[in-house]
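Data block below; observations after.
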Amino acid sequence: MSSCARSSEEGSKRRWRLRTIGAALALVAVGGGLSAAPPPAVQDSAPAAAACRTKSVAITFDFEGASPARCVIHGEREFTLVITPEHGLPINPSPWYAFRYRAEPGEEPVIHLSYLGARHRYAPKWSDGKQSRELAVQTSEDGTRATFRLPAGWAIVSAQEIVDAGAYRRMIARWSRGRHGTRLILGRTLDRRPIEAVLLGRADAPRLVLLIGRQHPPEVTGAVAMEAFVDRIAGLLAADHKLADRYQFLVVPLLNPDGVALGHWRANRGGKDLNRDWGAFTQPETAAVRQWLDRRASAVHPVLMIDFHSTQRNLFYVQGEEAGAAGERFLASWLAGKEQALTGYPFTIERRDANPGGGTAKNWFYAAYGVPAYTYEVADTADREATRAAARTLAADLLGALDGAENSLGVQMTPRAARSTSPSLPIPSNSP
Ligand SMILES: [Zn+2]
0 MSSCARSSEE GSKRRWRLRT IGAALALVAV GGGLSAAPPP AVQDSAPAAA
50 ACRTKSVAIT FDFEGASPAR CVIHGEREFT LVITPEHGLP INPSPWYAFR
100 YRAEPGEEPV IHLSYLGARH RYAPKWSDGK QSRELAVQTS EDGTRATFRL
150 PAGWAIVSAQ EIVDAGAYRR MIARWSRGRH GTRLILGRTL DRRPIEAVLL
200 GRADAPRLVL LIGRQHPPEV TGAVAMEAFV DRIAGLLAAD HKLADRYQFL
250 VVPLLNPDGV ALGHWRANRG GKDLNRDWGA FTQPETAAVR QWLDRRASAV
300 HPVLMIDFHS TQRNLFYVQG EEAGAAGERF LASWLAGKEQ ALTGYPFTIE
350 RRDANPGGGT AKNWFYAAYG VPAYTYEVAD TADREATRAA ARTLAADLLG
400 ALDGAENSLG VQMTPRAARS TSPSLPIPSN SP
């Protein structure tokens with residue numbers, strides 16, 4: 000019995016070695032996808048990736064958001080997916096994966112994820128379109144491999160829940176339904192996808208708030224927060240016409256539609272991290288927002304920018320010492336003191352001095368307009384309902400905080416004219 004167990008263990012080790020070799024071979028086979036150059040443009044929206052099929056199990060990557068993983072078959076019901084980034088290393092380690100499967104009844108198929116240049120970060124989310132849940136997963140000691148089993152039937156398994164272009168279309172339709180919502184197309188991506196936005200409030204309202212989302216494709220919890228946040232803002236503006244006369248919101252919930260459709264870890268189709276492109280504006284996505292800002296009426300002034308992301312924990316990156324009195328009042332009124340006050344959503348406030356040439360939306364907006372520009376970071380594992388509830392509360396508190404910062408002590412958050420930014424400084428690759 001014990002020798003049988005031992006030999007099975009040795010067999011298992013051997014299988015692991017074979018798997019590693021198989022994975023390495025698969026990497027050789029897809030080597031072209033790992034070069035620093037961006038991949039060639041494709042006409043269709045589905046990423047090109049090999050499917051894995053045995054008699055009883057099929058694994059496919061045939062939908063928007065599926066990752067370009069390669070698949071290695073070890074047996075009738077055992078597979079390795081090699082999870083690779085969209086461009087060469089280094090890349091921010093947000094190893095996205097997503098696939099569809101169909102399994103005939105029988106023993107639960109085993110999936111190994113083998114990560115290139117990253118460690119396992121996202122627990123697998125299983126969804127059959129009606130129900131969804133997280134699958135139990137085991138990871139190797141060094142975190143470069145993860146293993147889980149698939150329930151029989153069919154489903155999509157992904158690193159985080161799928162929030163794709165269809166979901167954004169529904170959000171945008173909802174937000175632009177009222178009389179104070181206008182759907183806009185700011186531009187087109189390299190793959191010709193529309194860069195969609197909604198303008199909430201009157202287009203001649205003097206105070207402009209910018210809300211940006213999904214620069215980084217895997218950062219779905221930021222998207223969860225943003226949806227609830229914008230729902231509340233849209234509701235407030237619809238209910239109070241005076242608010243809509245004073246404030247307008249440009250909402251760009253999906254700034255990187257190509258990256259989301261292609262299952263990227265970080266970049267757009269051009270192989271660029273969009274949140275390092277503010278200031279240079281070399282990419283159509285960032286340039287489209289800049290162009291819209293440049294064309295706005297001169298009586299319309301930005302007063303705030305919020306950029307939604309995800310990271311290990313809930314936090315807000317805000318201005319450092321340069322915030323100024325009005326910026327400090329806004330921070331104190333909107334966020335300070337609430338770090339432990341939102342049920343199930345503790346957060347911290349991280350002050351970061353501007354690094355204007357670093358290319359983040361936060362720093363560019365601050366440098367260009369001198370108004371609060373925050374990064375709203377939601378933990379990867381944040382409870383989704385608590386995230387939504389916190390976002391609704393923070394949205395409800397926002398306009399009062401803006402009014403207070405502007406009116407109290409007679410000091411205004413005087414917007415400055417856009418100015419050019421200073422040369423690039425290095426910023427850590429794990430920052431937003
Ligand atoms: Zn991010």
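In terms of numbering that gives the first Met the number 0, the sequence shown is residues 0 to 431.
Using N, Cα and C, we set each Cβ at its ideal position, and we do this for glycine too.
Nearest-angstrom Cβ-Cβ length linking residue i and residue j, presumed shorter than 8 Å
i: A389; j: L341; result: 4 Å
i: P256; j: T188; result: 6 Å
i: V377; j: G221; result: 5 Å
i: A154; j: P104; result: About 14 Å separates the two Cβ atoms, so there is no contact after all.
i: P205; j: A298; result: 6 Å
i: V223; j: R383; result: 6 Å
i: A97; j: G270; result: About 20 Å; that fails the 8 Å criterion.
i: V317; j: Y368; result: 15 Å between Cβ atoms; not a contact.
i: L320; j: D352; result: The question names Leu, yet the displayed sequence has Glu at residue 320. About 6 Å; that satisfies the 8 Å criterion.
i: W509; j: V250; result: Nothing in the structure corresponds to residue 509, since the chain is present only between 0 and 431.
C-alpha distance - residue i paired with residue j, whole-angstrom precision
i: E226; j: A385; result: 13 Å
i: V229; j: L207; result: 14 Å
i: G409; j: L198; result: With a pLDDT of 36 at G409, under the threshold of 50, the predicted position of this residue should be treated as unreliable, though the coordinate-derived value follows. Between G409 and L198, the C-alpha separation is close to 29 Å.
i: R213; j: F307; result: 7 Å
i: R350; j: R328; result: 14 Å
i: A22; j: L115; result: With a pLDDT of 42 at A22, under the threshold of 50, the modelled position of that residue is not reliable, and no figure is offered here.
i: H300; j: D190; result: 32 Å
i: P422; j: N354; result: In this prediction, P422 has a pLDDT of 38, which is less than 50 and means its spatial position is unreliable; nothing more can be read from the coordinates.
i: P46; j: E195; result: With a pLDDT of 41 at P46, under the threshold of 50, the modelled position of that residue is not reliable, and the figure given next carries that caveat. One C-alpha to the other measures close to 21 Å.
i: I305; j: A135; result: 34 Å
i: A417; j: A335; result: The predicted model places A417 with a pLDDT of 44, which falls under 50 and marks its position as unreliable, so this point remains unresolved.
i: P252; j: E160; result: 16 Å
i: A404; j: Y246; result: 14 Å
i: S66; j: A325; result: 44 Å
i: A117; j: H111; result: 15 Å
i: P123; j: D244; result: 45 Å
i: I232; j: Y100; result: 38 Å
i: V435; j: T281; result: Because the chain is modelled from 0 through 431, residue 435 falls outside the range shown and cannot be assessed.
i: L273; j: V259; result: 13 Å
i: F147; j: E77; result: 10 Å
i: P108; j: E75; result: 8 Å
i: A296; j: A102; result: 57 Å
i: C70; j: T138; result: 18 Å
i: G31; j: A158; result: Since pLDDT at G31 reaches only 32, below the 50 mark, its modelled position is unreliable, and the value read off the structure follows with that caveat. One C-alpha to the other measures close to 24 Å.
i: A322; j: Y365; result: 9 Å
i: F182; j: I72; result: Reading the sequence as shown, one finds Arg at residue 182 and not Phe. Their backbone Cα atoms lie some 46 Å apart in a straight line.
i: T347; j: A50; result: 43 Å
i: G165; j: L254; result: 14 Å
i: G357; j: E140; result: 35 Å
i: T53; j: I171; result: 41 Å
i: F248; j: P371; result: 15 Å
i: H119; j: D379; result: 12 Å
Proximity winner among the options, relative to residue i (alpha-carbon distances)
i: Y121; options: H215, G357, D127 and A145; result: A145
i: L448; options: Y375, D61, G186 and E218; result: Limits of the chain in this structure are 0 at one end and 431 at the other, which puts residue 448 out of reach.
i: L292; options: V259, A57, R101 and A202; result: A202
i: L398; options: G357, A367, W333 and Y365; result: W333
i: R176; options: G234, H215, R191 and S55; result: G234
i: E284; options: R387, L210, G186 and R295; result: G186
i: T143; options: T83, A97, V251 and G200; result: T83
i: L94; options: P217, I110, R192 and A172; result: Note on residue identity: the sequence assigns Pro, not Leu, to residue 94. Checking every option, the nearest Cα to that of P94 belongs to P217.
i: T440; options: Y368, S113 and A331; result: In the structure displayed, the chain extends from 0 to 431; residue 440 sits before or after that span and is not available.
i: D127; options: E85, F364, L149 and E338; result: L149
i: I211; options: K361, F98, Y368 and Y316; result: K361
i: H86; options: R169, I171 and A68; result: A68
i: E106; options: I72, V56 and C70; result: V56
i: R391; options: D402, A372, Y373 and Y344; result: Y344
i: P193; options: N274, R173, R168 and W174; result: R168
i: W363; options: R76, A166, E140 and R289; result: R289
i: L432; options: R387, A366, D402 and A296; result: The chain is shown from 0 up to 431; residue 432 falls before or after that span and cannot be answered.
i: D396; options: R294, K337, A166 and H215; result: K337
i: R387; options: L209, V81 and V219; result: V219
i: G200; options: V370, R178 and K54; result: R178
i: H215; options: A172, G64 and I171; result: G64
i: I184; options: D379, A287, A394 and A400; result: A287
Does the region 309 to 317 come within contact of the region 128 to 141, defined as at least 3 CB pairs closer than 8 Å? These segments do not touch.
For the structure I just gave you, are there three or more beta carbon pairs, one from the region 256 to 271 and one from the region 89 to 98, closer than 8 Å? Judged by Cβ distances under 8 Å, the region 256 to 271 makes contact with the region 89 to 98, as three or more pairs qualify.
In chain order, which alpha helix (DSSP H) runs of at least 4 residues are fully inside the region 96 to 143? Within the region 96 to 143, no run of alpha helix (DSSP H) reaches 4 residues while sitting entirely inside it.
For the pair the region 238 to 249 and the region 58 to 68, tell me if three or more CB-CB distances fall below 8 Å. Proximity of the region 238 to 249 to the region 58 to 68 falls short of the contact definition, fewer than three beta-carbon pairs being nearer than 8 Å.
Jot down the residue ranges of each uninterrupted alpha helix (DSSP H) in the region 333 to 374, minimum 4 residues, whole runs only, in chain order. List check, alpha helix (DSSP H) in window: 360 to 368.
Alpha helix (DSSP H) runs wholly inside the region 230 to 273, at least 4 long, in chain order: Contiguous alpha helix (DSSP H) elements confined to the region 230 to 273 occur at 240 to 245 and 256 to 260, taking only those with 4 or more residues.
Considering only residues of the region 161 to 189, which uninterrupted beta strand (DSSP E) runs meet the minimum length of 3 residues and lie entirely inside it, listed in chain order? Whole beta strand (DSSP E) segments, 3+ residues: 180 to 187.
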